[in-house]
Amino acid sequence: MTLVRQTQKIQNMEKILRKLRSAIEVKLNSHLTKLTLKNKFEKWAVIFVSVSDEFSDFFEESFVARRNPDVMGIRLIIDFNAFSKGSEMEKMHLMIKTLHRSVEKMAMPKFKISEEEREKLNEIINTVEKELELEIN
């Protein structure tokens, strides 16, 4: 009985995560198509990782710059307890916060993203956050 409840909780959390990730991605991509950056990256891949403490040793944050194709791969950890217990709005804010953190990581020399370009990306993320807040409320 407990196992079934836990499985249902995990499935519900996965559905919410998928829904939020999809909503964020659609809005973010629509804004990004209007933006031209000086760097050579074609894709910005952000991987959200939210695992309990017992599994955290297996998932580290990582920052990869691939050149064929040109992809920025950024894997960041979201606080598991806050994410699993938060409302849909709180989950969305945690994911947005993680996107802002990914932009901060773009200051690393391997990504070569200027401060001006990072500011533009953060502005877009803020716009997406406001749009989603209106939809969720």
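Sequential numbering of the sequence shown, starting at -2, is according to our numbering. Positions of the beta carbon are idealized from the N, C-alpha and C atoms, including for glycine. Predicted model, so just to flag it, every value in this text is computed and none were measured.
If you count every other CB in all the chains shown that lies within 10 Å of the CB of residue i, and 16 or more means buried, which is it?
i: residue 124; result: exposed
i: residue 61; result: exposed
i: residue 11; result: exposed
Using 8 Å for Cβ pairs, my map puts residue i next to residue j. What's the rounded Cβ distance?
i: residue 40; j: residue 68; result: 4 Å
i: residue 85; j: residue 21; result: At roughly 12 Å, the Cβ-Cβ gap does not stay under 8 Å, so residue 85 and residue 21 are not in contact.
i: residue 46; j: residue 75; result: 7 Å
Report the rounded CA-to-CA distance for residue i versus residue j, giving the unit in angstroms.
i: residue 90; j: residue 112; result: 23 Å
i: residue 94; j: residue 87; result: 10 Å
i: residue 73; j: residue 102; result: 10 Å
DSSP state of residue i, grouped into three classes?
i: residue 74; result: strand
i: residue 88; result: helix
i: residue 46; result: strand
i: residue 16; result: helix
i: residue 107; result: coil
Could you pull the DSSP bridge partners for residue i from this structure?
i: residue 60; result: 71
i: residue 40; result: 68
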